[in-house]
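Residue 307 in our numbering is what sits at position 59 of the sequence shown, and the numbering runs on without skipping anything.
Ideal Cβ positions, reconstructed from N, Cα and C, are used throughout, including at glycine.
Since this is a predicted model, take the numbers as computed values, not measurements.
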Amino acid sequence: MQSIPVDTARLGVLRCAIAPEAKISNSETQEVKKDRDGNPVFTVAVTVRQDRRRISVIEIAVAGEPKGIEEGQIVKVTGLVAFAWSMGDRHGISFRADAITPIGAPAAGKAGGA
């Protein structure tokens, strides 16, 4: 699988749509997926809106739990790469990053806590 570097500066504003969640590798045992170094893998859904176009949501995998990220918050994505994949009739693009960090406070109107 070939990795394709993504220039995040050209993606416009990146905003957290779904806060970090552990990526599950086995749904029966709820085992969390690990990277090659044994770190847990988390996913963050991020909205991308480029030049007033339609908003897209991409799910980005990152090793280790990103800290301080809340839904609605603008984020910085470092080292973003895309991977084309296919399995039988299914195919798509997956994304992985070195880090996802918060920028500023969460968007106004978002309630905190659970």
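Apart from the five residues on each side of it in sequence, which residues of its chain come closer than 6 Å, Cβ to Cβ, to Arg344? Walking along the sequence shown from the start, residue 344 turns up at place 96. Annotation for Arg344: Ala309, Val329 place their beta carbon closer than 6 Å to its own, counting only its chain and skipping 5 residues before and after.
State the Cα-Cα distance for the pair Met335 and Ile341, rounded to the nearest angstrom. Translated into the one-based positions of the sequence shown, residue 335 becomes position 87. Translated into the one-based positions of the sequence shown, residue 341 becomes position 93. A direct Cα-Cα distance of roughly 12 Å separates Met335 from Ile341.
Based on Cα-Cα distance, which residue from Ala265, Lys271, Val296 lies nearest to Arg258? Here residue 258 refers to the residue found at position 10 of the sequence shown. Checked all of Ala265, Lys271, Val296; the closest Cα to Arg258 is Val296.
Output the distance between the C-alpha atoms of Val305 and Val292, rounded to the nearest integer angstrom. Walking along the sequence shown from the start, residue 305 turns up at place 57. Walking along the sequence shown from the start, residue 292 turns up at place 44. Cα to Cα, Val305 sits roughly 10 Å from Val292.
Do Pro288 and Ala270 have their C-beta atoms closer together than 8 Å? Counted from its first residue, the sequence shown places residue 288 at position 40. Counted from its first residue, the sequence shown places residue 270 at position 22. Yes, the Cβ-Cβ distance between Pro288 and Ala270 is below 8 Å.
N- and C-terminal bounds of the beta strand (DSSP E) containing Ile351: The residue you call residue 351 lines up with position 103 of the sequence shown. Counting along the chain, the beta strand (DSSP E) containing Ile351 begins and ends at 347–351.
Measure the C-alpha to C-alpha separation of Gly260 and Gln321 and round it to an integer number of angstroms. By one-based count along the sequence shown, residue 260 stands at place 12. By one-based count along the sequence shown, residue 321 stands at place 73. Between Gly260 and Gln321, the C-alpha separation is close to 14 Å.
Boundaries of the beta strand (DSSP E) in which Arg263 is found, first to last residue: To locate residue 263, count along the sequence shown from 1; it is residue 15. Segment 261–270, the beta strand (DSSP E) holding Arg263.
Can you give the Cα-Cα distance for Ile351 and Gly327, rounded to whole angstroms? The residue you call residue 351 lines up with position 103 of the sequence shown. The residue you call residue 327 lines up with position 79 of the sequence shown. Ile351 and Gly327: Cα-Cα distance of roughly 16 Å.
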